[in-house]
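The numbering of the sequence shown is my numbering, which starts it at 28 and goes up by one. For glycine and all other residues, C-beta sits at the position ideal for the given N, C-alpha and C. Written below as structure tokens is the structure these notes are about.
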Amino acid sequence: MQIGLLEPDRFDPAAIAQLQAMGRVVLYEGGDLHAFLKPLQVLFVRLAHQIDAAFLAKAPALRYLCSPTTGHTHLDESALALRGIQVVSLRGEQAFLETIRATPEHTLGLVLALLRRYRGAFSHVQAGGWDRDLFRGEELYGQRVGIVGLGRVGFRVASYCDAFGASISYVDTRDVPAGEGWQRLAGVQQLISTHRIIILCASYVNGDAPIMGKLEIALLRDHYLVNTARGELVDEEALLAAIEADKLAGVATDVLSHETGTNHLSRWNAAAINRNVILTPHIGGATVTAMARTENFIVKKLAQTLEGTERIT
């Protein structure tokens with residue numbers, strides 16, 4: 028069995044050792060992508076490539092696509108299904124994912140960074156300044172926090188904010204467990220109108236309309252907005268226009284739409300100059316521990332999947 032790692036940089040050694048016991052492991056180190064993909068029956072990916080029909084055409088022998096992620100926005104699921112390629116991912120693995128806290132912790136960090144204006148303070152000191160009065164921030168204690176999507180990440184983020192003394196409301200399309208005193212609201216617009224900190228933790232399915240569309244973004248006035256879910260949840264053009272018009276107290280995003288292609292990064296960077304705007308490069312789940320554990324989990328899930336099917340020779 029030929030197993031390929033498309034992005035092998037710092038892939039967990041223990042996971043690689045398990046794969047080597049299952050077949051021949053090859054690492055992509057640049058060069059002819061078609062030649063690398065052509066003989067593979069199993070491929071491990073992260074987020075740097077869009078796995079669409081054109082990509083899959085280069086991998087005629089592929090039968091298993093492994094992605095240690097919960098989101099599938101980098102995967103053309105229709106193209107994969109058409110080819111009969113099975114996706115092995117973290118989606119639906121709730122018990123295991125409850126032990127992965129990297130994204131909720133990063134989300135809380137971004138909330139605190141916006142409230143305390145860390146980005147501007149860091150730049151000020153690096154430029155030789157030392158004036159705290161330029162960066163009087165706010166406390167999370169006593170704030171009204173609105174969570175969009177009370178799934179695994181949303182629940183944990185809400186719990187963290189609750190522990191800091193914030194009041195919590197949320198919107199979710201499903202009936203989900205909630206913490207004591209948390210209030211469920213009817214929709215995102217109501218959440219925005221009654222809460223100053225809005226945190227996006229919802230899942231996204233390719234083709235869905237943005238949860239934060241033009242109407243929702245027009246309601247943001249002196250709000251803080253944090254997105255560690257998916258860039259496609261937001262009408263980014265409308266959000267950038269609102270940032271450029273100085274309508275928000277702060278924006279932090281760990282995700283952009285179409286991250287493997289054009290994503291307005293230059294405009295985002297320009298909009299962030301001298302504003303309380305933070306961009307991080309989709310590092311929510313990117314801790315040493317989380318990535319090692321998820322990679323090993325997906326390798327074991329692949330092994331279990333293969334045991335239930337005819338082994339590839």
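Here V261 carries a strand assignment [DSSP, helix/strand/coil]. In this structure, the straight-line span from the alpha carbon of V253 to that of G57 is close to 35 Å. From the listed residues E34, I30, M49 and P40, the smallest Cα separation to E334 is found for M49. Within the segment 52-85, the runs of alpha helix (DSSP H) at least 4 residues long that lie entirely inside it are, in chain order, 60-64 and 80-83. Listed in chain order, the non-local C-beta contacts of L266 below 8 Å within the same chain comprise M239, I244, L252 and V278, local neighbours out to five positions each way being set aside.
Looking only at H99, V72, A44 and L60, the smallest Cα-Cα distance to A84 is reached by L60. Between the segment 170-185 and the segment 128-148, the count of Cβ pairs shorter than 8 Å is three or higher; the stretches touch. According to the DSSP secondary-structure assignment, Q113 is paired through a beta bridge with Y91.
Under DSSP, the beta-bridge partners assigned to G173 are S196 and I225. A256 sits away from G312, with the two beta carbons spaced by 8 Å or more. DSSP links Y251 through a beta bridge to I224 and G277.
Short of 7 Å from the beta carbon of K274, and not among the five residues preceding or following it, lie these beta carbons of its own chain, in chain order: L247 and R248.
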